[in-house]
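Number of protein chains: 2
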Amino acid sequence: MSRRCTIKDVAARAGVSTTTVSHAISGRRPVSAATLATVQRAIAETGFRPAAIARSLRTRRTETVALIVPDIANPFYPAVARGLHDAISDHGYRTLIGSTDGERQAELGFLEDVVSRSVDGIVLFSFALDGRDLTRVVGDRTPVVAAADIAGTGCDRVLVDDADGAAAATRHLLDRGVTEIGFVSGPKGHGPGDHRLAGYLGALAAAGVVPAESNIVRADYTVDGGRSVVGELLARRSHPRALICANDLIAIGALQAARAAGVAVPDALSVVGFDNIDAAALVQPALTTVVIPAYEMGQQCGQMLLARMTSEADGPARQTVVPTRLIVRAST
Amino acid sequence: MSRRCTIKDVAARAGVSTTTVSHAISGRRPVSAATLATVQRAIAETGFRPAAIARSLRTRRTETVALIVPDIANPFYPAVARGLHDAISDHGYRTLIGSTDGERQAELGFLEDVVSRSVDGIVLFSFALDGRDLTRVVGDRTPVVAAADIAGTGCDRVLVDDADGAAAATRHLLDRGVTEIGFVSGPKGHGPGDHRLAGYLGALAAAGVVPAESNIVRADYTVDGGRSVVGELLARRSHPRALICANDLIAIGALQAARAAGVAVPDALSVVGFDNIDAAALVQPALTTVVIPAYEMGQQCGQMLLARMTSEADGPARQTVVPTRLIVRAST
DNA sequence: CTGAAAGCGCTAACAA
DNA sequence: TTGTTAGCGCTTTCAG
Chain Y
1078 MSRRCTIKDV
1088 AARAGVSTTT
1098 VSHAISGRRP
1108 VSAATLATVQ
1118 RAIAETGFRP
1128 AAIARSLRTR
1138 RTETVALIVP
1148 DIANPFYPAV
1158 ARGLHDAISD
1168 HGYRTLIGST
1178 DGERQAELGF
1188 LEDVVSRSVD
1198 GIVLFSFALD
1208 GRDLTRVVGD
1218 RTPVVAAADI
1228 AGTGCDRVLV
1238 DDADGAAAAT
1248 RHLLDRGVTE
1258 IGFVSGPKGH
1268 GPGDHRLAGY
1278 LGALAAAGVV
1288 PAESNIVRAD
1298 YTVDGGRSVV
1308 GELLARRSHP
1318 RALICANDLI
1328 AIGALQAARA
1338 AGVAVPDALS
1348 VVGFDNIDAA
1358 ALVQPALTTV
1368 VIPAYEMGQQ
1378 CGQMLLARMT
1388 SEADGPARQT
1398 VVPTRLIVRA
1408 ST
Chain L
1078 MSRRCTIKDV
1088 AARAGVSTTT
1098 VSHAISGRRP
1108 VSAATLATVQ
1118 RAIAETGFRP
1128 AAIARSLRTR
1138 RTETVALIVP
1148 DIANPFYPAV
1158 ARGLHDAISD
1168 HGYRTLIGST
1178 DGERQAELGF
1188 LEDVVSRSVD
1198 GIVLFSFALD
1208 GRDLTRVVGD
1218 RTPVVAAADI
1228 AGTGCDRVLV
1238 DDADGAAAAT
1248 RHLLDRGVTE
1258 IGFVSGPKGH
1268 GPGDHRLAGY
1278 LGALAAAGVV
1288 PAESNIVRAD
1298 YTVDGGRSVV
1308 GELLARRSHP
1318 RALICANDLI
1328 AIGALQAARA
1338 AGVAVPDALS
1348 VVGFDNIDAA
1358 ALVQPALTTV
1368 VIPAYEMGQQ
1378 CGQMLLARMT
1388 SEADGPARQT
1398 VVPTRLIVRA
1408 ST
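If you read the sequences in order, they're chains Y and L. Position in the first sequence (from 1) plus 1077 gives the number in this note's numbering. Position in the second sequence (from 1) plus 1077 gives the number in this note's numbering.
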């Protein structure tokens, strides 16, 4: 056959109307057993596959969700993507994915594009957009789940309890009898470092421990950043007995710096990271870390979106806080 | 406004026909400067965004490419996805992504779905499908680029020169003066391990070196697999002076086994992996590895697909072999 | 239980 | 340079 066959061909072959074929497929209207069988045979014989686009034009539903992230190649987001995928694919939804490098223009462009493509929902990881951008570009017809603290928006949100994770890490060290605990945050105002810093400070305060200002420093979220900053820290006359680092890459840099300085981990220095990237379990010594559950976040985003997409439940914006958990390995 | 406005609204506002609006947007037909300006103003005032679905129904093009992989959370595929993204997004194409866990049924289901969604092209990483499946489900209207050795199909392919990479690794060790080189492949008939094994054997033969059968073993593609198999190897009376492992995870397991056995790397044992996962640069000692350029593979897939999608160049199936390269680090 | 007809929003002949 | 008309393939009133 030269062209893909349509519902019309099936109808002709089955000797019924296209309406009946449509309903035989969707089940949205009773069809007699006899015609149903005839139609099904005709479908099988013609190899008919409904054109999703035509259906979408009519129904205004595309069974498609957009996932907008800074960089799908950054190991955090693939886990999110998989979680989202697993939450929605059983309901027939597919994922349209876009990497924006965190650039505002790219984020806006991708948003506009997927809105014009009539996606049924959007999962947005953005640090550059605010609520006004969202209402302007997306409107209020397409549900959005934002997975970052997007200011001034009424859309659903999935957040991580960074402070709680940091507090757990801090208490873990205190329980080990270590009180001189330093913190390596990320660049000021960038990423989750300062929420984590706040949790660390809170846990120390709750334990009546006063941290040394000089033991609270900042590094880029990279191995190199961690290595150089912690290298300087360890070169001082005295250094803390433990370091909580704002992510695993910094923590791995800290391990390297300790090795270079001849400081034994965990005997002379304990190190904790955040994220639980694959490498965390593989470095030597294996890294104790606060798990940021990327997969679960993706799932949660999917579930919240499903709730909006399936029901007409037009309720107020919901907010979910995903819990973290501490994995203790050899570095503490 | 209550509903998203359509081309009709713009036309009414600009006092022209919808045809003219359409052409003012697409530029597929000359429009006088005056009306163009009027239309553009009307578009701006109404905030009109063309409905991509309606356009697609008419033009039979969706500007969408499907990427089908076993698991987007497996670190190899995000890099592929990003490469594909970067190759096609400037041409207006978006990526619809699906994880199949390598299961035949999931692969077929996803293929059917994206075909019914009229994607313009498909990038397929599959080890379970063959050419017949492809022609049956996809037909010959939608171009496919397969990134694995799918038997009996006429579609474009992107392959990796595994054997060449293994040969380069082998020569590197030989150049270091090491001749007792073992090989840890993956499970028989699973993944690229045996192509790599073949390259290793070829390079040894070319150098006139005869490998000891007992130094060629198999492990699962995991850290645990590598650790246990290499642990046994090192427990023997004599062991090889170098090991080439079919992937980085196995190689990292080998490093752990060596450490456990008190075998110094690289002094008493050199270790080479494949892939260059992030952890390869972070383990101690850092791992020498054969880079499998996932990003470039994705790009290449995108370019081959673009060639099929844009031109009607209906030529014979093309095949590209992506080169590998050796990164020498401390483990050799 | 079934069918006829309208129409989703756009583009592409064809006609002027 | 512009407009009229038909129709992409499906779903959904409305009518029987």
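Ideal Cβ positions, reconstructed from N, Cα and C, are used throughout, including at glycine.
Check                                                                                                                              : Outcome
Chain Y within 8 Å of Asp1391/L, Cβ atoms only                                                                                     : no
Closest by C-alpha distance to Cys1378/Y, when choosing among Asp1391/Y, Val1221/Y and Thr1299/Y                                   : Val1221/Y
Cβ distance (whole Å) where Gly1303/Y is taken to contact Gly1285/Y below 8 Å                                                      : Rounded, the Cβ-Cβ distance is 29 Å, inconsistent with contact.
Sequence-distant residues of its chain with Cβ nearer than 8 Å to Pro1127/L (five each side left out)                              : Ile1084 and Ile1102
Contacts of Glu1189/L in chain Y (Cβ-Cβ under 8 Å)                                                                                 : Arg1126
Counted within 10 angstroms of its Cβ, other Cβ atoms place Glu1373/L as buried (16 or more) or exposed                            : buried
Bridge-paired residues (DSSP) for Ser1347/L                                                                                        : Ala1319/L
Thr1410/Y vs Val1237/Y beta-carbon contact at 8 Å                                                                                  : Because chain Y here runs from 1078 to 1409, residue 1410/Y falls outside it and cannot be looked at.
Reference Leu1144/L; option with closest CA among Tyr1277/L, Thr1172/L, Ala1205/L and Leu1310/L                                    : Thr1172/L
Test: Thr1172/L CB closer than 8 Å to a CB of chain Y                                                                              : yes
For Gly1139/L, the nearest candidate out of Arg1194/Y, Glu1180/Y and Asp1301/Y (CA to CA)                                          : In the sequence as presented, Gly is not what sits at residue 1139/L; that position holds Thr. Ranking the options by Cα distance to Thr1139/L, first place goes to Arg1194/Y.
Contact set between Gln1361/Y and chain L, taken where Cβ atoms lie within less than 9 Å                                           : Leu1332, Gln1333, Arg1336, Val1360 and Gln1361
Where Ala1164/L sits in the DSSP three-state scheme                                                                                : helix
Where Asp1391/L falls, given that 16 or more other Cβ within 10 Å makes a residue buried                                           : exposed
Val1200/L versus Asp1344/Y: straight-line alpha-carbon distance, rounded                                                           : 50 Å
Chain Y residues whose Cβ lies nearer than 7 Å to that of Ser1193/L                                                                : Arg1126, Pro1127, Ala1128 and Ala1129
Contact set between Val1300/L and chain Y, taken where Cβ atoms lie within less than 9 Å                                           : Ala1358 and Leu1359
Alpha-carbon to alpha-carbon, Ala1275/L and Arg1406/L                                                                              : 24 Å
Presumed contact (8 Å Cβ cut-off) between Arg1032/Y and Gly1216/Y, rounded CB distance                                             : Past the boundaries of the shown model lies residue 1032/Y; chain Y is included only from 1078 to 1409, so the question cannot be answered.
Test item: CB-CB of Pro1155/Y and Ile1149/L under 8 Å                                                                              : yes
Contact set between the stretch 1133 to 1150 of chain Y and chain L, restricted to residues whose Cβ is under 8 Å from the partner : Ser1133, Leu1134, Thr1139, Thr1141, Asp1148, Ile1149 and Ala1150
Residues that Ala1223/L bridges to, as DSSP identifies them                                                                        : Leu1201/L and Arg1234/L
Simplified DSSP state of Thr1212/L, which is helix, strand or coil                                                                 : helix
Nearest to Ala1335/L (by Cα), restricted to the options Ala1323/L, Ala1356/L, Ser1305/L and Val1235/L                              : Ser1305/L
For Val1342/L, the nearest candidate out of Ala1119/L, Gly1160/L, Arg1318/L and Asp1355/L (CA to CA)                               : Arg1318/L
Contacts that Ile1329/Y makes with chain L (C-beta to C-beta distance below 9 Å)                                                   : Leu1359
Supposed close pair Leu1310/Y, Val1294/Y - CB separation, criterion 8 Å                                                            : 6 Å
Beta carbon proximity, Asp1355/L to chain Y, threshold 8 Å                                                                         : yes
Meets three-Cβ-pair contact criterion under 8 Å: the stretch 1392 to 1399 of chain L and the stretch 1174 to 1181 of chain L       : no
Contacting residues, own chain, Cβ-Cβ under 6 Å from Tyr1277/L (five flanking each side not counted)                               : Ala1243, Thr1247, Phe1260 and Ile1321
For Phe1187/L, the three-state DSSP class (helix, strand or coil)                                                                  : helix
Inter-residue Cα distance where the pair is Ala1224/L and Met1381/L                                                                : 11 Å
Pair within 8 Å by beta-carbon distance, Thr1112/L and Val1087/L                                                                   : no
Contact set between Arg1385/Y and chain L, taken where Cβ atoms lie within less than 7 Å                                           : Within 7 Å Cβ-Cβ: nothing; Arg1385/Y doesn't reach chain L, min ~18 Å.
Exposure label - Met1078/Y; buried when at least 16 CB within 10 Å                                                                 : Note on Met1078/Y: pLDDT 47, under 50, position unreliable in the model; no value is reported.
Distance CB(Thr1230/L)-CB(Gly1208/L) smaller than 8 Å                                                                              : yes
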